[in-house]
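Visitor:
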Amino acid sequence: MNLNYNEVPNIISGKDLDYLSDMFTWNYGAYKNVSNNINSVNDEEIKNVLQKASNLFLDNMNKTLEILEGGSQNG
Numbered sequence: 195m196n197l198n199y200n201e202v203p204n205i206i207s208g209k210d211l212d213y214l215s216d217m218f219t220w221n222y223g224a225y226k227n228v229s230n231n232i233n234s235v236n237d238e239e240i241k242n243v244l245q246k247a248s249n250l251f252l253d254n255m256n257k258t259l260e261i262l263e264g265g266s267q268n269g
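When the letters of the sequence shown are read in order and numbered with my numbering, they come out as residues 195 to 269.
So, in structure tokens, the structure goes:
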């Protein structure tokens with residue numbers, strides 16, 4: 195079955211859902227690892243880099259959740 199759309203339908207396929215789930219899991223693992231270790235670092239420059247990384251992973255998780263909640267449009 196080949197369907198042609200003028201606009202991309204606002205749906206998430208099973209394959210999309212699997213990928214989004216993986217993305218969330220990867221970012222959550224990285225966020226948890228970095229966040230748990232920030233306080234064990236003494237060098238302020240490294241702490242700042244770890245904090246930026248932690249914020250990036252958290253932002254990625256939130257964006258993934260927005261997509262799953264339908265708050266992000268295709269395109």
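All C-beta atoms in this analysis are idealised placements derived from N, C-alpha and C, irrespective of residue type, glycine included.
For the stretch 232–239 against the stretch 213–223, are there 3 or more C-beta pairs whose distance is under 8 Å?
Guide: Flag = no, the stretch 232–239 and the stretch 213–223 do not touch.
Visitor: Using three-state DSSP, classify E260 as helix, strand or coil.
Guide: Translated into the one-based positions of the sequence shown, residue 260 becomes position 66. It is helical.
Visitor: To the nearest whole angstrom, what separates the beta carbons of K248 and Y225, a pair I think is in contact under 8 Å?
Guide: Taking the first residue of the sequence shown as position 1, residue 248 is located at position 54. Taking the first residue of the sequence shown as position 1, residue 225 is located at position 31. Sequence check: residue 248 is Ser here, not Lys. Their Cβ separation, rounded to whole angstroms, is 6 Å, which keeps S248 and Y225 in contact under 8 Å.
Visitor: According to DSSP, is L252 part of a helix, a strand, or is it coil?
Guide: Your numbering for residue 252 matches position 58 in the sequence shown. Three-state result, L252: helix.
Visitor: For my contact list, L197 and L262 are in at a C-beta cut-off of 8 Å; report their separation, rounded to the angstrom.
Guide: Taking the sequence shown and counting its residues from 1, the one referred to as residue 197 is at position 3. Taking the sequence shown and counting its residues from 1, the one referred to as residue 262 is at position 68. Incorrect: roughly 24 Å between the Cβ atoms, too far for contact.
Visitor: Within the continuous alpha helix (DSSP H) that includes L211, where are the two ends?
Guide: Looking up residue 211 in the sequence shown gives position 17. Run containing L211: G208 to N231, per the alpha helix (DSSP H) assignment.
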